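The sequence shown begins at 0 in numbering that gives the first Met the number 0 and counts up one residue at a time.
Cβ coordinates follow ideal geometry from the N, Cα and C atoms, glycine included.
None of the values given here were measured: they were computed from a predicted structure.
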Amino acid sequence: MVSAVSPLTLFKCLNDETRLVMVLLLQQHGELCVCDLMAALEESQPKISRHLAQLRTAQLLSSEKRGQWVYYRLHPQLPEWAVQVLETTLAANHDFIAPYVKRCSALTGANSSSCC
0 MVSAVSPLTL FKCLNDETRL VMVLLLQQHG ELCVCDLMAA LEESQPKISR
50 HLAQLRTAQL LSSEKRGQWV YYRLHPQLPE WAVQVLETTL AANHDFIAPY
100 VKRCSALTGA NSSSCC
């Protein structure tokens, strides 16, 4: 079954910089923990979790709890058109996402473990 994400839902979610950055980081890295996103965005856990909940409710993300941490990824049944929008946006905006990637060693590969 394909996720029921509409264009209106996708673009409303991406209208917020925090959510846009999170989705682009997940597009680039596949899966990230809440603590990785906190480090990359330099935001508190409650703010990150609130935005992640909105993205999950909109069916843009799926999550998996491992121990005390929750890991997020793009929803595996995201429509192909939505995946293409995200791929194109990421490919054309590496300068936009680069500062966020630098803030967390899990994203830059400087450390093989995540921020957790």
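Out of ASP15, ARG72, LEU60 and LEU51, which has the shortest C-alpha to C-alpha gap to GLY29?
Looking at ASP15, ARG72, LEU60 and LEU51, the one whose alpha-carbon comes closest to that of GLY29 is ARG72.
If you draw a straight line from the alpha carbon of GLY66 to that of CYS32, how long is it in whole angstroms?
Between GLY66 and CYS32, the C-alpha separation is close to 11 Å.
Does DSSP classify ARG102 as helix, strand or coil?
Three-state DSSP puts ARG102 in coil, outside helix and strand.
With DSSP collapsed to three states, give me the class of VAL69.
Of the three classes helix, strand and coil, the one that applies to VAL69 here is strand, per DSSP.
Helix, strand or coil for SER121 per DSSP?
The displayed coordinates of the chain run from 0 to 115. Any statement about residue 121 would go beyond what the structure contains.
Test item: CB-CB of SER61 and PRO45 under 8 Å:
No, the Cβ-Cβ distance between SER61 and PRO45 is not below 8 Å.
Residue(s) in a DSSP beta bridge with LEU60
For LEU60, which the question treats as bridged, DSSP gives the partners LEU73.
May I ask you to report which of helix, strand or coil DSSP gives SER42?
As written in the sequence, residue 42 is Glu, which differs from the Ser given in the question. In this structure, GLU42 counts as coil in the three-state DSSP scheme.
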